[in-house]
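Visitor: Input: one structure, supplied below.
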Amino acid sequence: LSFLRGDYNFLHMLPDLSTIDSQLYNNLMFLKTYDGDATDLCLTFTITSNEFGGTREIPLMSGGAEIEVNNANKQRYIHMVSKYYVHDRVKVQSEAFTRGLWEVIDPTWLRL
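Just so we're aligned: 53 in our numbering is position 53 of the sequence shown, and the numbers increase by one with no gaps anywhere.
This is the structure:
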């Protein structure tokens with residue numbers, strides 16, 4: 001219910017991602033522990049989204065398509081990818097769900 005209250009603890013994004021997309025989680029764990037040069041993996045600060053039969057590239061930050069993931073910034077990349085999948089991608093739907101829920105149930109009933 002933390003996302004309903006707006007107090008999601010962003011420190012738990014990576015473990016939460018493991019329940020949403022285990023393959024992506026495993027890939028990020030590979031990157032996290034990769035001993036080689038991360039630039040060899042040809043990653044940028046973008047997400048490739050396949051929606052409605054088309055593919056589009058979503059930048060994780062301003063100018064993300066031009067920023068290469070390297071050993072110095074790979075932790076930031078992992079954090080941003082996790083945040084995108086756990087929070088940003090479902091934000092609009094979560095907000096709509098919360099507004100609808102509050103119309104049916106008094107919000108104070110769900111506060112602990």
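Glycine residues also receive a C-beta, built at the ideal position from the N, C-alpha and C atoms. It should be emphasised that the depicted structure is a prediction, and the values quoted were computed from it without experimental measurement.
1. Taking a contact to mean a Cβ-Cβ separation below 7 angstroms, would you say Thr39 touches Asn70 in this structure?
2. Taking Asp21 as the reference, which of Ile67, Lys83 and Gly36 has the closest Cα?
3. Which class does Gly53 belong to by DSSP, given the choice of helix, strand or coil?
4. Measure the Cβ-Cβ separation of Glu85 and Leu17 and say whether it is below 7 angstroms.
5. Judging by CA-CA distance, which residue of Ala72, Arg56, Val81 and Thr55 is the nearest neighbour of Asn26?
Guide: Taking the structure as given:
1. Walking along the sequence shown from the start, residue 39 turns up at place 39. Walking along the sequence shown from the start, residue 70 turns up at place 70. Yes. Within cutoff.
2. Your numbering for residue 21 matches position 21 in the sequence shown. The shortest C-alpha separation from Asp21 is found at Lys83.
3. Against the sequence shown, residue 53 aligns to sequence position 53. Of the three classes helix, strand and coil, the one that applies to Gly53 here is coil, per DSSP.
4. Looking up residue 85 in the sequence shown gives position 85. Looking up residue 17 in the sequence shown gives position 17. Note on identity: in this sequence residue 85 is Tyr, with Glu being the wrong assignment. Going by C-beta atoms, Tyr85 is nearer than 7 angstroms to Leu17.
5. The residue you call residue 26 lines up with position 26 of the sequence shown. For Asn26, the nearest C-alpha among the options comes from Val81.
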